[in-house]
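See structure below.
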Amino acid sequence: GGGLNLGPTTYVEIGLTLGAGVALIAAALLVPSGRPVRGLWAVGGLLAFTGLTALSVAWSIRPDASLVDTGRMLAYAALFGACVALVRAAPSRWPALIGAVTLGAVVVCGYALLTKVFPAQLDHNDIYSRLRAPYDYWNAIGLTAAMGLIGSLWLGARREGHALWRALAYPATGLLLVTLLLAYSRGALLAAGVGIALWMCVVPLRLRGATLLIVAGACAGVVVAFDFATHALSANEVSIAARVHAGRQLGVLLVAMLGVLAVAGVAVQFLTGRRAPGPALRRRAGTLLIAGLIGAVVAAAGALTLTHRGLTGTISHDVSSLTNPNAPVPANTPSRLTAIGSVRARYWKEALQIFSAHPVLGAGAATYETARLRYRKETLDVRHAHGFIVQTLSDLGAIGLALVLALLAVWLAAAGRATHPFNRRWQGWRWRAAPQPYTAERVGMLSLLCLVVVFGVHSLVDWTWYVPGNACVALACAGWLAGRGELDGAERGEEEGAQEGADARARQTLTLRLPELGDLSRVQLVAAAAIAALVGLSAWVQWQPQRSAEASAQALSTLERHPTAALAQAQAGVAHDPLSVEALLVLSTVQRATGEAARARQTLERAVRLQPSNPASWQALGEYNLAVDPQAALRELRAALYLNPKSVPVQNAYIQALRATGAAQEPATATATGAAGASRTSKALF
């Protein structure tokens, strides 16, 4: 569901936390203590960021939202730490990680395409042509395809492994490319382009990778061209009958593409397996590829030159459209792939305005949705700032950004030990060249690095950090890189290093045995007990908001039949999550229905005291007072109007309060003086 629905996300987070806890406890008890521990600085950095998220509940304008975000960060930190522990226990099992990531991406993207092939069964109510299942968000499925492409590049270009697996990388790449383009996600395309370019720069398997991309891209291009040219597949709000007919045609074309690419993959592996290309052929192929890239750049520049704005004018106009908050929003059709304008400029501007109001610590974790209401210029509801950096500035201020940059620095240092992407290292105070052998494991680690970069680039322009299906994949790969440390045989020649790496892998194969209690040290027992306690506490914290929501929902559903039971359930909802305004509003509703009007008003005033910067609490109190105290309602709704001036329900309620009090003040004037009114109201109430 994309990580937006509290119920499913809560249980995913609890599952991740408990699973990571089991892995951490097993590592503490079963892994020999002599093995070095890597990546602790990176784990500490993520824990520090998680701690700041939890502490932000104290100053958050929406402490209940910050509590929910704390649960998410606890799950992420536990998963990251578990992967650091797993690489310490079984460093030779890295192919299982990257292979699982690739397979998972193919399965998820395959399901997404099936929703287009069988819309009546899998996607009956969708009005958009963009792929968005199973996350219910198109950019998330696009990012999954982009990360999967890095894995398929590793699978198809590597020299090791069975030739059949390398051949299957061709249909997998074709499927991922089709998914990437049918999601119409420009951010995912950008991230995929950066990741693939980085892979080509740091992995010396460029011709193999280029062959895979060219063959798969040519076949995928046929499928994508058919989809874009078919109205029933590329237009919005198409009848289900037309979608079903076009989906069958798309399905036949997809099956044909997968079959052709499977045959092509087998043929490529057969030809290159019998006799590898010689140096001369490789040089000619490399020259041809570079010439093709240069030609594409020149052709693009020439096309821009022939436009009515010219080359520089077109670039200037595109940059202006990209950064203009008032630029038109591209349609959810294939045409958006060539559009420059985006609504992100609006969201980023609002996030920076929130940061200007709360520069040090921000407005609190996950509060952008509420804080932006004061600054927005339209009625569109948005939950995230669509960019990790601006979201961090809005939520956690300069201190949050400083922690993020420190975490990035320590992680890059840890990941660099396992990858050496620049073939250089510090010797004393100088940055010297230090060529490393490109063993199978180093190629795999470099591929994992590129995959994490894909996620990082995409997170700069979108909110997929909040989608567990994307973020957990990147965190697992990042945790493995942070915990791996120096590769075996890194200081030796290629053949000697490869042999030493094979010997080390044989020694480091995961052979865990259950130790006897007397064999465990006190440190191991204490560490296991501490991990168990922290994991249990984290799962309990993650569960409380969902318990509160469930109790409040039960209270509303049983109110008419059993008012007394409903009151007890509403009170339980508040007890489970005392920070939740929603639980207090439900309790007030139940109290009012059961004849406790005075307590209902006290509960609403408690909600305002709990979250005075939340317009929902002021609106609820003002609407309650419309019938009993119009003057008080006018003051309270003035505060709600100041905090959310674009809300039509708040405007309507405020106009009702004006009429009830006979006030001559116009709503526009009230909005201008809303800040003073909100201040006077809060002082009068408290």
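Using our numbering, the letters of the sequence shown map in sequence onto residues 90 to 775. We put the CB at the ideal spot given by N, CA and C, even for glycine. Keep in mind the model is a prediction, meaning the values are calculated, not measured.
Exposed unless 16 or more other CB atoms sit within 10 angstroms - verdict on residue i
i: I239; result: buried
i: S637; result: buried
i: H475; result: buried
i: I303; result: exposed
i: E102; result: buried
i: Q700; result: buried
i: A753; result: Caution is warranted here: a pLDDT of 45 is assigned to A753, below 50, making its placement in the model unreliable, and the coordinate value is therefore given only provisionally. Label assigned to A753: exposed.
i: L469; result: exposed
i: F544; result: buried
i: P719; result: buried
i: P448; result: exposed
i: G662; result: buried
i: F511; result: exposed
i: L535; result: buried
i: S677; result: buried
Check whether residue i and residue j have beta carbons under 9 Å apart
i: L93; j: G170; result: no
i: L492; j: A440; result: no
i: A261; j: G282; result: no
i: Y85; j: T422; result: Outside the modelled stretch of the chain, which goes from 90 to 775, sits residue 85, for which no answer is possible.
i: S323; j: S218; result: yes
i: R688; j: N714; result: no
i: A345; j: L265; result: no
i: A252; j: N325; result: no
i: Y165; j: L564; result: yes
i: A487; j: A351; result: no
i: T233; j: V206; result: no
i: S702; j: R297; result: no
i: L673; j: L693; result: yes
i: L347; j: G263; result: yes
i: L726; j: R463; result: no
i: M236; j: G188; result: no
Proximal residues to residue i (C-beta, below 8 Å), its chain only, five neighbours per side dropped
i: R472; result: L93, Y457, E458, W552
i: I620; result: G110, L113, I114, A117
Nearest-angstrom Cα separation, counted from residue j out to residue i
i: R461; j: R724; result: 22 Å
i: N291; j: G533; result: The identity of residue 291 in the sequence shown is Val, whereas the question assumes Asn. Computed Cα separation, rounded: 11 Å.
i: L95; j: V157; result: 8 Å
i: L626; j: S669; result: 20 Å
i: T361; j: T300; result: 11 Å
i: S424; j: A280; result: 19 Å
i: R681; j: F138; result: 42 Å
i: R295; j: G572; result: 27 Å
i: W500; j: V541; result: 11 Å
i: V312; j: A498; result: 42 Å
i: C566; j: L343; result: 30 Å
i: R748; j: A452; result: 35 Å
i: E580; j: A502; result: Low confidence applies here, because E580 scores a pLDDT of 40, under 50, leaving its location unreliable and the question unanswered by this model.
i: Y259; j: L645; result: 54 Å
i: A764; j: G751; result: Caution applies to A764, whose pLDDT of 41 falls short of 50 and renders its modelled position unreliable; the value that the coordinates give is listed next. Near 22 Å, if we compare the C-alpha coordinates of G751 and A764.
i: S289; j: S241; result: It should be pointed out that residue 289 corresponds to Met in this sequence rather than to Ser. Each residue's Cα considered, the two are about 13 Å apart.
i: G134; j: A454; result: 17 Å
i: P652; j: A686; result: 14 Å
i: C308; j: R275; result: 21 Å
i: Q210; j: L220; result: 15 Å
i: C539; j: R398; result: 37 Å
i: T268; j: G310; result: 11 Å
i: S155; j: S149; result: 7 Å
i: K735; j: V418; result: 19 Å
i: L485; j: A374; result: 50 Å
Test: residue i CB closer than 9 Å to a CB of chain C
i: A640; result: You won't find chain C in this structure, because it holds only one protein chain.
Beta bridge counterpart(s) of residue i as assigned by DSSP
i: R522; result: With the sequence shown as reference, residue 522 is identified as Ala, and Arg is not the correct amino acid for it. For A522, which the question treats as bridged, DSSP gives the partners R513.
Close beta carbons around residue i, own chain, < 7 Å, minus the five adjacent residues each side
i: A729; result: P704, W707, Q708, G711, V739
i: Q635; result: L95, G96, T99
i: L378; result: A299
i: G104; result: none
i: W569; result: C172, V176, W183, L186, L537
i: D592; result: Model confidence at D592 stands at a pLDDT of 47, short of 50, so the residue's coordinates are unreliable; what they give is reported in the following sentence. None.
Cβ-based neighbour list, residue i, same chain, cut-off 6 Å, excluding 5 preceding and 5 following
i: W554; result: F477, S548, A560
i: A617; result: I114, A117, L118
i: A522; result: R513
i: F317; result: S323, P423
i: A335; result: T319, A321, L322
i: W130; result: V499
Proximity test, residue i beta-carbon vs the ligand ADP heavy atom, cut-off 8 Å
i: T459; result: With respect to the ligand ADP, the structure shown offers nothing to examine, as it has no ligands at all.
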